[in-house]
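Asks: With this note's numbering applied, the sequence shown covers 9 to 105. Glycine is no exception: its CB is placed at the ideal position from the N, C-alpha and C atoms.
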Amino acid sequence: MANLTGKKFGGRKKGTPNKVTDKVRSQFEKLLSKNLKTLQDDIEALEPKDRIKVMLELAKFVVPQIKALEVDFNDTTQEVKPIEIKIIEPIYKTETK
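If you want it as structure tokens, here you go:
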């Protein structure tokens, strides 16, 4: 019989990690850590242009990607707020010789 209540029954509760995904990530991490030297040697053996391609592809998994910000200077509905910078005394002073 179909569930017509709109309520979810069974399955993982919200926030519960997926055990299979966690296990696969763990195993892949072990595989990488055991083969770092080989991986580095393989990358170093590539042509410079191919090496850069590999490095950029790997960076996608480590470095967050920055999204472009679009600004419309003709849009008068956006309020421009001033930026306030306070210069304070340093906590400690360095000695100059």
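1) Between L40 and K22, what straight-line distance do the alpha-carbon atoms span, to the nearest angstrom?
2) Would you check if the distance between the CB atom of I74 and the CB atom of V62 is smaller than 7 Å?
3) If contacts are defined as beta-carbon pairs under 8 Å, then F17 and N26 qualify, I think. What distance do you get, rounded to the angstrom?
4) Starting from the Cα of P72, find the closest Cα among V79, L64, E78 and give me that residue.
5) Give me, in chain order, the residues of the same chain whose beta-carbon lies closer than 8 Å to that of L54; leave out the 5 immediate sequence neighbours on both sides.
6) Which value, in whole angstroms, describes the spacing of the CA atoms of K94 and K42?
7) Output the boundary residues of the alpha helix (DSSP H) element that contains R33.
8) Three-state secondary structure (DSSP) at D49?
9) Have a look at P56 and L47 and give me their C-alpha separation to the nearest angstrom.
Replies: From the atom records:
1) For the purposes of this step, residue 40 is taken as residue 32 along the sequence shown, with counting starting at 1. For the purposes of this step, residue 22 is taken as residue 14 along the sequence shown, with counting starting at 1. The straight-line gap from Cα to Cα measures roughly 30 Å.
2) Sequence index remark: in the sequence shown, residue 74 carries index 66 (1-based). Sequence index remark: in the sequence shown, residue 62 carries index 54 (1-based). Contact flag unset, no.
3) Counted from its first residue, the sequence shown places residue 17 at position 9. Counted from its first residue, the sequence shown places residue 26 at position 18. In fact, because the Cβ distance is near 19 Å, the residues do not count as touching under 8 Å.
4) Stepping through the sequence shown from its first residue, residue 72 is reached at position 64. If we check each option's Cα against that of P72, L64 comes out closest.
5) Residue 54 sits at position 46 when you count from the first residue of the sequence shown. Only V62 meet the Cβ criterion.
6) Taking the first residue of the sequence shown as position 1, residue 94 is located at position 86. Taking the first residue of the sequence shown as position 1, residue 42 is located at position 34. Spanning the two alpha carbons is a distance of roughly 49 Å.
7) Against the sequence shown, residue 33 aligns to sequence position 25. Where R33 is concerned, the enclosing alpha helix (DSSP H) stretches over 27–42.
8) Numbered from 1 along the sequence shown, position 41 holds the residue referred to as residue 49. Helix, per DSSP.
9) Residue mapping note: residue 56 aligns to position 48 of the sequence shown, counting from 1. Residue mapping note: residue 47 aligns to position 39 of the sequence shown, counting from 1. Straight-line Cα distance between these residues: approximately 16 Å.
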